[in-house]
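These notes are about the structure you will find just below.
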Amino acid sequence: MLSVYLKKVSLLCVIGLSFLFLKSASALQVMAPTVISITQNAQINIDLSNTDINKIFVYGQKITAITKPDAIFNSNNDSSGNVYATISGDNPFTAFISTDQGLHFSLLITPKAEPGQTIEFQATGFSNQSQSQKNTTI
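At the far end of the sequence shown sits residue 137, using numbering that gives the first Met the number 0, and the numbering has no gaps.
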């Protein structure tokens with residue numbers, strides 16, 4: 000009788016621990032970047048964190064220049080062309096982005112008190128004009 004009782008208690012403990020493990024595993028989330036399709040000279044409205052660091056990148060290209068208000072938008076580029084940015088203040092502002100392949104676009108950035116954002120831009124309908132000119136024989 001005691002043996003049957005211990006088996007039931009053991010089974011309940013295993014089930015309880017399994018639920019606990021599954022609950023804690025579901026609390027861990029992997030967040031994908033926000034993906035935004037862009038075209039040459041597009042203006043994009045985005046929210047970025049003003050309480051944490053943000054990452055901005057263009058798929059398959061390197062950000063080579065960013066023109067922005069230095070007092071409220073501090074950024075660093077890494078060797079792969081990603082931009083890591085921190086924002087001070089609460090007022091929206093504009094930043095202009097250029098890439099190594101000649102893509103240019105602007106961001107209307109609204110600072111928000113939220114976790115840091117990872118924003119991936121994907122150029123659509125864009126071909127590097129200078130690259131296509133290099134491949135044209137005259």
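Glycine included, every Cβ here is placed at the ideal spot set by N, Cα and C.
From the options, residue whose alpha carbon lies closest to that of residue i
i, options, result
"Ala84", "Ser78, Pro68, Phe72 and Asp46", "Phe72"
"Leu106", "Gln60, Ile14 and Phe92", "Phe92"
"Thr33", "Phe125, Thr123, Ser126 and Gly115", "Gly115"
"Asn76", "Gly88, Gln60, Asp89 and Asn90", "Gln60"
"Ile65", "Leu102, Thr109, Thr123 and Ala112", "Leu102"
"Ser48", "Lys67, Thr117, Phe125 and Ile96", "Thr117"
"Gln42", "Phe104, Ile96 and Ile62", "Phe104"
"Met30", "Phe125, Gly124 and Glu119", "Glu119"
Residue i - partner residues in DSSP beta bridges
i, result
"Leu47", "Pro110"
"Ser36", "Gln121"
"Tyr58", "Paired residues: none, contrary to the question."
"Ala84", "Asn53 and Ser74"
Environment of residue i [buried if 16+ CB atoms lie within 10 Å]
i, result
"Phe56", "buried"
"Ile14", "exposed"
"Thr136", "For Thr136, the pLDDT reaches just 44, beneath the cut-off of 50, and the residue's location in the model is therefore unreliable, although a value from the coordinates is still provided. Thr136 comes out exposed."
Cβ distance (whole Å) where residue i is taken to contact residue j below 8 Å
i, j, result
"Ile108", "Ile45", "6 Å"
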